[in-house]
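Below is one structure, written out as structure tokens, with a few remarks after it.
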Amino acid sequence: MTPTEMRRAVRRERARAKPMSPEERLDRLVDTTLTLLREHGRSVTTRQIAEAAGVAEGTIFRVVDSKDELVERAITRAFEPGALIERIQEIDLAQPLPARLVTLVAILQQRFRATFELMRKVGMVRPADSAHDSPEAVELREYVHALLEGVVGEDRALLSVPVRDFVHRLRLMTFAGSHPLIADGELLAPEEIVDTLLHGLLRKESES
Numbered sequence: 001m002t003p004t005e006m007r008r009a010v011r012r013e014r015a016r017a018k019p020m021s022p023e024e025r026l027d028r029l030v031d032t033t034l035t036l037l038r039e040h041g042r043s044v045t046t047r048q049i050a051e052a053a054g055v056a057e058g059t060i061f062r063v064v065d066s067k068d069e070l071v072e073r074a075i076t077r078a079f080e081p082g083a084l085i086e087r088i089q090e091i092d093l094a095q096p097l098p099a100r101l102v103t104l105v106a107i108l109q110q111r112f113r114a115t116f117e118l119m120r121k122v123g124m125v126r127p128a129d130s131a132h133d134s135p136e137a138v139e140l141r142e143y144v145h146a147l148l149e150g151v152v153g154e155d156r157a158l159l160s161v162p163v164r165d166f167v168h169r170l171r172l173m174t175f176a177g178s179h180p181l182i183a184d185g186e187l188l189a190p191e192e193i194v195d196t197l198l199h200g201l202l203r204k205e206s207e208s
């Protein structure tokens with residue numbers, strides 16, 4: 001198939017496709033913009049966004065007033081915990097506690113690192129207040145915290161601290177151990193974080 005024939009085929013396929021609603025079109029553009037922000041930062045152009053989303057550039061300005069608005073919507077989406085919640089819910093709770101926690105820490109690390117890199121790319125020092133202080137954000141944060149406690153499950157009886165404190169410390173260690181500056185470039189592996197939380201750093205009597 002020649003390039004001309006391929007373009008015609010794409011146009012025919014688009015013509016047959018069910019037209020998207022404005023909300024669906026905006027949703028696609030926001031997702032596409034977020035992906036490109038991770039690569040190009042704020043220098044991403046509406047032309048790049050349109051090409052990646054498979055729409056005409058003018059379509060963008062039928063759903064948002066400016067590129068800046070689209071960028072801000074994309075950044076806001078990056079801080080939404082939907083994908084994180086789904087991955088936590090997929091953890092196999094039949095595994096032993098250490099294995100569950102290693103999986104959980106790996107998920108949190110991926111989330112933190114993606115967030116750190118996005119913030120670096122777009123020149124953010126901290127998340128917007130709305131991403132942390134709004135009633136919706138507070139409610140979601142509590143829900144995520146409950147999910148984290150659920151990963152510990154009945155094994156909370158083995159802990160020397162309340163499960164809420166344990167989860168708080170797990171998140172703090174994971175955050176610090178995943179940040180290249182805080183960790184001085186020596187990032188912690190999930191297994192290291194979990195082993196430190198569960199067993200500490202003192203030698204065992206058998207190792208003395």
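If you read the sequence shown in full-length UniProt numbering, its first letter stands for residue 1, the second for the next number, and so on. Glycine residues also receive a C-beta, built at the ideal position from the N, C-alpha and C atoms. Here the structure is a predicted model, which is why all the values come from computation and not from measurement.
(message) Less than 8 Å between the beta carbons of T174 and L84, yes or no?
(response) No. Outside cutoff.
(request) Measure the CB-CB distance between I75 and V105 and report whether it falls below 8 Å. (result) no
(message) Please state whether the Cβ-Cβ distance between E57 and A50 is less than 8 Å.
(response) yes
(request) Measure from the alpha carbon of P22 to the alpha carbon of each residue in T35, V55, V44, R42, then state which is nearest. (result) V55
(message) Which residue marks the beginning of the alpha helix (DSSP H) containing R103, and which one marks its end?
(response) The sequence given here has Thr at residue 103, not Arg. Looking at the DSSP string, the run of the alpha helix (DSSP H) that includes T103 is 97–122.
(request) Locate the alpha helix (DSSP H) running through A74, then write down its first and last residues. (result) 67–78 is the extent of the alpha helix (DSSP H) around A74.
(message) Restricting to Cα atoms, I'd like to know which of F61, G153, P190 is closest to Q110.
(response) P190
(request) State yes or no: is the C-beta of residue 288 within less than 8 Å of the C-beta of V167? (result) In the structure displayed, the chain extends from 1 to 208; residue 288 sits before or after that span and is not available.
(request) Tell me whether A15 sits in a helix, a strand or coil according to DSSP, three-state version. (result) Any reading at A15 is ruled out, since the residue's pLDDT is 47, under 50, leaving its predicted position unreliable.
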